[in-house]
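Trainee:
In UniProt numbering, the protein residues as written are 1 to 321.
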């Protein structure tokens, strides 16, 4: 198998056997450009984790500007190739496309919130997840994927100039949670373990629209006066309240933590790891290339966080009878 040439504008070229060899442990890394840019680190991790008896294969499914609604479909396709483990790192791209909300079944979100723990209701929920993904797949093929990749210049121009409102923030977060539930429910049904991660954003130099950027000057004043914690709290609040933002906020991270707890999944606290590694605890001092992408040192910290959990998953899987 090889990445479709038409998709290489968004994805790193990948090659692997459709039928997984018996001695291969196949990992799928799912996310946006932050995962895409991890390709050198993931290849090195493959080599470090492989041994004579088991080869570790990591398929990089990081799509440039891919939000959670597109990742549902990427996940669905990758299930055909018998993955043993999925890595999930997503949260920067929920405002990168204007049309995505119509594909997320927001009117049905109350279903997930009100379901009981009974076996029959869980069964119905899981069947409904399958239906949702089939619907997403059909509508995407018809309306989005056949038209253009989200990374295209025309799509960027529309999304980055679109005037998102306050209601969009709430709706996009509902959509984000809904799409992640589809991914986690489906992988759970297939008995594929998932390792999640909180998502770190550059708070020293965020990418903000004019009004939010003007408000953000208060953050710099607090830091200038030695009030680091107060400044961080305000920085996170402004980012979370910014409509049409292009980087992850505490809203997305709170959803990630909630779902990891609900699905009993390991979650790597990349957000805290990055903050703790910065000289003054402010993400963006030394570990970012821009508003959302980690630099070489930042990506090394990402690997440092994920690698132990990956090793645990490998050992757990290989230890099964």
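Where a beta carbon is used, it is the ideal one built from N, C-alpha and C, also for glycine.
For clarity, every value in this text was computed on a predicted model and none was experimentally measured.
#1: Output the distance between the C-alpha atoms of residue 316 and residue 307, rounded to the nearest integer angstrom.
#2: The alpha helix (DSSP H) spanning residue 184 covers which residue range?
#3: In this structure, what does DSSP give as the bridge partners for residue 24?
#4: Under DSSP, the alpha helix (DSSP H) around residue 67 begins and ends at which residues?
#5: How about residue 227: is its Cβ closer than 7 Å to a heavy atom in the ligand GDP?
#6: For the region 297-305 and the region 245-265, state whether three or more C-beta atom pairs, one from each stretch, are separated by less than 8 Å.
#7: With a cut-off of 8 Å on the beta carbons, I'd call residue 78 and residue 183 a contact; round off their distance for me.
#8: Report the partner residues of residue 197 according to the DSSP bridge assignment.
#9: Tell me, which residues are paired with residue 29 by DSSP?
#10: Curious, which full-length alpha helix (DSSP H) runs of at least 4 residues does the region 250-298 contain?
#11: First and last residue of the alpha helix (DSSP H) that includes residue 237?
#12: Who does residue 15 pair with in a DSSP beta bridge?
#13: For residue 69, is the classification buried or exposed, using 16 other Cβ atoms within 10 angstroms of its Cβ as the cut-off for buried?
#14: With a threshold of 16 other CB atoms inside 10 Å of the CB of residue 318, please say whether the residue is buried or exposed.
#15: Nearest to residue 263 by CA position, among 208, 310, 185 and 271, is which residue?
#16: Quick one: grab the DSSP three-state call for residue 94.
#17: Span of the alpha helix (DSSP H) holding residue 219?
#18: Within 10 Å of its beta-carbon, does residue 1 have 16 or more other beta-carbons around it, so buried, or fewer, so exposed?
#19: Using only CA atoms, which one of 314, 265, 294 and 313 lies nearest to residue 41?
#20: Using the beta-carbon count (16 or more within 10 Å), is residue 66 buried or exposed?
Mentor: Concretely, from the data shown:
#1: 14 Å
#2: 166-189
#3: 55, per the DSSP bridge assignment.
#4: First-last for residue 67: undefined, no H or E at that position.
#5: Among the components modelled here there is no ligand, and therefore nothing to report on the ligand GDP.
#6: These segments do not touch.
#7: Contact doesn't hold; Cβ gap of about 11 Å is too wide.
#8: 268
#9: 60 and 87
#10: 250-262 and 270-277
#11: 228-241
#12: 2
#13: buried
#14: exposed
#15: 185
#16: coil
#17: 210-224
#18: exposed
#19: 294
#20: buried
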